[in-house]
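So the structure is just underneath, and the comments pick up after that.
Protein chains in written order, with this note's numbering: chain X, 47 to 270; chain P, 47 to 270.
So, in C-alpha cells, the structure goes:
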C-alpha cells in the first residue's frame, strides 16, 4: 500500500472512532434523559444505540488490524493504532455502562418517584464533558487537553463518594426509600465508571502524543 | 530480528502475561479472604498486589509494542499480539475490581458482622475459576475451553441478580442492616465485573485462535 493511501486509511479510522465516540456520548445523554423522565422508550433507544456501538467496535478493530497487518507502521502511527484499539474498547464499555443505567431505570419504573439527596444530572453532564474533552484531545493531538480530563475525574469520584454517603444515610433513616436510593447509588457508580473510561482514553491520547506511558504514575512514584 | 528470536520473545511475552494472570487471581483470592475475615492486613496486601499488576501491565504493553514495531508479524502472531494487549488491560481491571472490594471491606470494618442472604465466597470462587479457565484456553490455544467461560458468565450474572434482589429485600425489612447489605451488593457487582473481564479474555482467545470476532454475536444476529 503506498504511504499516502496508508495515511488516508488512518484518517478513515480516526473518523470511525469519532463516530463511535458520538454514539457513546449520545448514550450518556439519552440515559440521563431516560432517568429524569422515567421514560422507557428512551431506555430502548439506549439498547438500540448499544448494538450500533458493538458493531462499530468490531469494524474499528478490523480496520486497525488490517492496517497493522498490511503495513509496517512507523513509530507514531503504531502508537496511534495501539491507542485506537484501547479507546475503541473504552467507548464500547461506556455503552455498556449506559445499558446498565437503562436497566436500573426500567426496573425502577413502578417505584414512587421521591426526592433524593443526589444530583445525577450534574454528575452525568460532567462524565459526558470528560468523554468530549478526551476525544477533543485525540483530534487535536493535545496532551494538555487530555490532562484536564484527569482532573475532572477526581471531581466525579468525589461526587460519587458523597452520593454514596448521603444515599446510604437516607436508606437507614427512611427504609421505604431503600430501592430508589439503591438505584441512585448504582447509577452514580456507573457514571463514575464512565468517567474512568474517559480517563483511560485521555491517558491513551497522552501515550500516543508523548510516547510516554503515564498510567499508574502515582503507584510507580510510590514504589520508588 | 531473526524469526526464531521473534518467537522466543513472543514466548517471553506469554510468560509475562501468565504471571500477570496469577497476580489477578491472587488478588481475587486474597480479597475474598479479607472479606471473610474482615482482615485489614489482607486489604493492604490487595493494594500492594495492584501496584505489581500496574507495573506489569506497562511492561507487557511495551513488550507487545516493541514486537509490533520491530517485526512485521504474520497474521496469527499479529492476532496474538492484539489479544495480549486486550487481555493485559482486562487483567489490570480485575486488579482494580479487587481494590474496590478491599475498599468496601475497609469501610465496613467497624460495622457489626451479620448474617446476609448471599454466598460471596461461592461467587468469588466461580469468578476465579473463570479467570483460570480463560488463561488455560490461552495456554492451550483452545477455543472450546474459552467457550466454557462464556457459560460460566451466565451463572455469575444470575448469582449477582439474585443477590441484589435478596439483599434489597433485607434492607427494606431491616434497615439496621442497610450498610452491610449495600456493601455486599457492591461486592457482588464487582465480582460480576471480574467475571465479565474473564469473559472478555476468553473472547480474545477465541479471536486469536479462530481468527473470528465472536463478540456481540447475539446483537448482530438480532440486527439481521
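Virtual Cβ for every residue (Gly too), placed ideally from N, Cα, C.
If you're wondering where the values come from, they're calculated on a predicted model, not measured in any experiment.
Can you tell me whether residue i is buried or exposed, with buried defined as 16 or more other CB within 10 angstroms of its CB?
| i | result |
| --- | --- |
| residue 183 of chain X | buried |
| residue 264 of chain X | Any reading at residue 264 of chain X must be qualified, since the residue scores a pLDDT of 45, below 50, and its modelled position is unreliable; the value itself is stated next. When all chains shown are included, residue 264 of chain X counts as exposed. |
| residue 53 of chain P | exposed |
| residue 252 of chain P | buried |
| residue 73 of chain X | buried |
| residue 120 of chain X | exposed |
| residue 59 of chain P | buried |
| residue 94 of chain P | exposed |
| residue 201 of chain X | exposed |
| residue 136 of chain P | buried |
| residue 109 of chain X | buried |
| residue 50 of chain P | exposed |
| residue 257 of chain X | exposed |
| residue 176 of chain P | buried |
| residue 118 of chain X | exposed |
| residue 186 of chain P | exposed |
Throw me the rounded Cβ distance for the residue i and residue j pair, which I believe falls under 8 Å.
| i | j | result |
| --- | --- | --- |
| residue 203 of chain X | residue 238 of chain X | 6 Å |
| residue 99 of chain X | residue 69 of chain X | 5 Å |
| residue 206 of chain P | residue 178 of chain P | In fact, because the Cβ distance is near 20 Å, the residues do not count as touching under 8 Å. |
| residue 75 of chain X | residue 146 of chain X | With 8 Å as the limit, residue 75 of chain X and residue 146 of chain X do not qualify as a contact, their Cβ atoms being about 16 Å apart. |
| residue 106 of chain P | residue 131 of chain X | Contact flag wrong, Cβ pair sits at about 14 Å. |
| residue 170 of chain P | residue 78 of chain P | 4 Å |
Keeping to the same chain, check which residues put their C-beta closer than 8 Å to that of residue i; ignore five residues upstream and five downstream.
| i | result |
| --- | --- |
| residue 268 of chain P | For residue 268 of chain P, the predicted structure reports a pLDDT of 40, less than 50, and the residue's modelled location is therefore unreliable. The matter cannot be settled from this model. |
| residue 217 of chain P | 223, 224, 227 and 228 |
| residue 15 of chain P | Any answer about residue 15 of chain P is impossible in this case: the structure gives chain P only from 47 up to 270. |
| residue 231 of chain X | 209, 210, 213 and 214 |
| residue 141 of chain X | 69, 70, 73, 95, 96, 99 and 100 |
| residue 172 of chain X | 198, 201, 202, 205 and 241 |
| residue 143 of chain P | 236, 237, 239, 240 and 243 |
My output table needs one value for residue i: the three-state DSSP class, helix, strand or coil.
| i | result |
| --- | --- |
| residue 163 of chain X | coil |
| residue 253 of chain P | helix |
| residue 265 of chain P | The predicted model places residue 265 of chain P with a pLDDT of 39, which falls under 50 and marks its position as unreliable, so this point remains unresolved. |
| residue 157 of chain X | coil |
| residue 188 of chain X | coil |
| residue 221 of chain X | helix |
| residue 116 of chain X | helix |
| residue 84 of chain X | coil |
| residue 270 of chain P | Any reading at residue 270 of chain P must be qualified, since the residue scores a pLDDT of 33, below 50, and its modelled position is unreliable; the value itself is stated next. Of the three classes helix, strand and coil, the one that applies to residue 270 of chain P here is coil, per DSSP. |
Please work out which residues of its chain come closer than 7 Å, Cβ to Cβ, to residue i, disregarding the five sequence neighbours upstream and downstream, and give them in chain order.
| i | result |
| --- | --- |
| residue 82 of chain X | 167 |
| residue 270 of chain X | Note that residue 270 of chain X scores a pLDDT of 33, beneath 50, so its modelled location is shaky; the value from the coordinates is reported in the next line. Hits under 7 Å: none found. |
| residue 89 of chain P | 80, 148, 151 and 152 |
| residue 243 of chain X | 136, 139 and 140 |
| residue 164 of chain X | 209, 212, 213, 230 and 234 |
What residues in its chain sit with their C-beta under 6 Å from that of residue i, if we drop five residues either side in the sequence?
| i | result |
| --- | --- |
| residue 199 of chain P | 241 and 245 |
| residue 133 of chain P | 247 and 250 |
| residue 181 of chain X | 67 |
| residue 254 of chain P | 125, 126 and 129 |
| residue 62 of chain P | 106 |
| residue 189 of chain X | 252, 255 and 256 |
Are the C-beta atoms of residue i and some chain B residue less than 9 Å apart?
| i | result |
| --- | --- |
| residue 157 of chain X | Among the chains of the structure shown, chain B does not appear; the protein chains present are X and P. |
I want to check one thing, is the minimum distance from the CB of residue i to the heavy atoms of the ligand MG below 8 Å?
| i | result |
| --- | --- |
| residue 215 of chain X | What this structure holds is no ligand at all, so the ligand MG is not there to describe. |
Does the contact criterion of 3 or more C-beta pairs under 8 Å hold for the stretch 101-115 of chain X versus the stretch 110-126 of chain P?
yes
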